[in-house]
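Visitor: Below you'll find the structure I mean.
In the working numbering, the protein residues as written are 3 to 374.
Okay, here's the thing in structure tokens:
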């Protein structure tokens, strides 16, 4: 950066200098042609030869001729005024041409070789630093600012290191408080979820929420949190992904969500096989917990148990038909009558069992009391 800035300081480019030099080069290249043309034009307007006819002289003679007789016809006043204006304009043009001729002789004191050399130097910089002279000048300005910042970087680095140290102390203090809160919450969550599991046909199983605090800080603190399942009393707790079946995983998730229901922000839960391996009173408890969770979120449950289905606000029956060529699934929304019939069928396997129908009505009564 310093080398580039030294190079540009010696070059000292000026805004629009390349355009101005191109114009000067063009004039210097055609100086003789320009000088001859400007001289002829100037002499035609205002020659210094005595008694020679030039444009300014002729216009002056015409004006004087009309002024001599204007008293005889005032209408000529307009023509006299026009000739005065023409004479004035011609004098201005002659003066400008005189100055132009003087400029051709000097052209800032530069020769065509000097101008072309300067243009070549600028073109090298333009190719190196951005494609235009404006880009070269912008690079020089920004580079000077960057260099100034780098020159004071030692002091800035020290200040930044001090700031980092202070922020790390603050972060570790906050992480320590977060770890304490997590540890307390983990104990409470473990206790309450384990109580829920007891009512979901997982008696003896316990959930352990383990919080381990390390040295490294992350955006979420210094802790790693793992969920372990103690499958039966005295068993070695194992990660729930390794120590639980599919149905148990669903029930563990249900238990966790029931405990966290008041603060959960999940809009929809979908449970499949949550009723695997349960029945009777346990299935009813499972249905109650699903109904409790549904008070704060939408809960969709795929179930084969009437004791679970009875607690839903809405019951959809899914059937599958197939022939030699196609397999199709049908979803039917059940009303009160067909829902009772479906619950009876799920209980007994029979669609016309009076005893099953009475059991279905009893289930719906229990569910309505829970859901009300």
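Note that beta-carbon positions come from the ideal geometry of N, C-alpha and C, so glycine has one too.
(1) So, residue 23 versus residue 117, is the Cβ gap smaller than 9 Å?
(2) At what residue ranges does the segment 119–201 contain a whole run of the alpha helix (DSSP H), taking only runs of 4 or more?
(3) Answer yes or no: do residue 232 and residue 241 have a C-beta to C-beta separation smaller than 9 Å?
(4) DSSP on residue 49, reduced to helix/strand/coil?
(5) Bridge partners for residue 241 per DSSP, in chain order?
(6) Determine the direct distance from the alpha carbon of residue 180 to that of residue 338, and round the result to whole angstroms.
(7) Spatial neighbours of residue 293 within its chain, please: C-beta separation below 6 Å, excluding the five flanking residues on both sides.
(8) Compute the Euclidean distance between the alpha carbons of residue 36 and residue 88, then round it to the nearest angstrom.
(9) Which of the three DSSP states, helix, strand or coil, is assigned to residue 24?
(10) If I follow the unbroken beta strand (DSSP E) through residue 274, where does it start and stop?
(11) Can you find the residues in the same chain that come closer than 8 Å, C-beta to C-beta, to residue 332, ignoring five residues on each side of it along the sequence?
(12) How would you call residue 32, buried or exposed, if buried means at least 16 neighbouring beta carbons within 10 angstroms?
(13) Taking the beta strand (DSSP E) that residue 252 belongs to, which residues open and close that run?
(14) In terms of residue numbering, what span does the alpha helix (DSSP H) encompassing residue 340 cover?
(15) Counting pairs of beta carbons, one from the segment 215–226 and one from the segment 243–254, are three or more of them closer than 8 Å?
Guide: Working from what's here:
(1) Cβ atoms of residue 23 and residue 117: closer than 9 Å.
(2) 135–153, 155–200
(3) no
(4) coil
(5) 230
(6) Cα to Cα, residue 338 sits roughly 51 Å from residue 180.
(7) 313, 372, 373
(8) Distance between the alpha carbons of residue 36 and residue 88: 25 Å.
(9) helix
(10) 270–274
(11) 320, 321, 322, 323
(12) exposed
(13) Segment 248–261 is the alpha helix (DSSP H) holding residue 252; no beta strand (DSSP E) there.
(14) 338–350
(15) no
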